[in-house]
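So the structure is just underneath, and the comments pick up after that.
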């Protein structure tokens, strides 16, 4: 599906630029607090190679959520707040239709827009330099 293709494109596009002191992973559990568990579509963690059941939010440098029609409102509002409360420094929200992405950087206790995709390409200068084409072909 489009959702999985977008996650894959980001994973592949960030794998090299995030290394060697970070790791890009899909669908891992993130303990945001003692009582709250988040499962982002993708994370960049600061503890590469660790074999664990879940990561603490302090290990997560960036979380990525790819919207679907069922999760769009939840991702944009509530999840954004939850990641901010957990102290995750960067959050990327990806909308597949039409394809676009916004990267937010934590500023105090809330996120500020830091980068926005242009013509389907998201380019970052921090926390690592990377550029990924989010346009997805069905072939």
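Numbering (our numbering), first residue to last: 620 to 758.
Quick reminder that beta carbons are idealized off the backbone N, C-alpha and C, glycines included.
The structure presented is a predicted model; accordingly, all values stated were derived computationally and were not measured.
Supposed contact pair residue j and residue i - C-beta distance, whole angstroms, cut 8 Å
i	j	result
residue 664	residue 678	5 Å
residue 637	residue 747	5 Å
residue 692	residue 718	19 Å between Cβ atoms; not a contact.
Residue i, DSSP secondary structure in three states
i	result
residue 623	helix
residue 630	helix
residue 636	helix
residue 670	coil
residue 682	strand
residue 695	helix
Residue interval of the alpha helix (DSSP H) (run including residue i)
i	result
residue 699	699-705
Residue range of the unbroken beta strand (DSSP E) whose run includes residue i
i	result
residue 726	718-726
residue 660	Here residue 660 belongs to no beta strand (DSSP E), and DSSP marks it neither H nor E.
residue 741	740-743
residue 749	749-752
residue 715	709-715
residue 735	729-735
residue 650	648-650
CB of residue i within 7 Å of CB of residue j, strictly
i	j	result
residue 633	residue 647	no
residue 631	residue 660	no
residue 729	residue 696	no
residue 676	residue 706	yes
Cβ shell of residue i (< 7 Å), same chain only, five flanking positions each side left out
i	result
residue 731	723, 724
residue 739	718, 752, 753, 754
residue 629	661, 683, 751
residue 617	Here the chain comprises residues numbered 620 to 758, so residue 617 is not present and cannot be evaluated.
Own chain residues within Cβ distance below 6 Å of residue i, not counting five before or after
i	result
residue 640	none
Sequence-distant residues of its chain with Cβ nearer than 8 Å to residue i (five each side left out)
i	result
residue 699	710, 712, 723, 730
residue 622	660, 685, 687, 715
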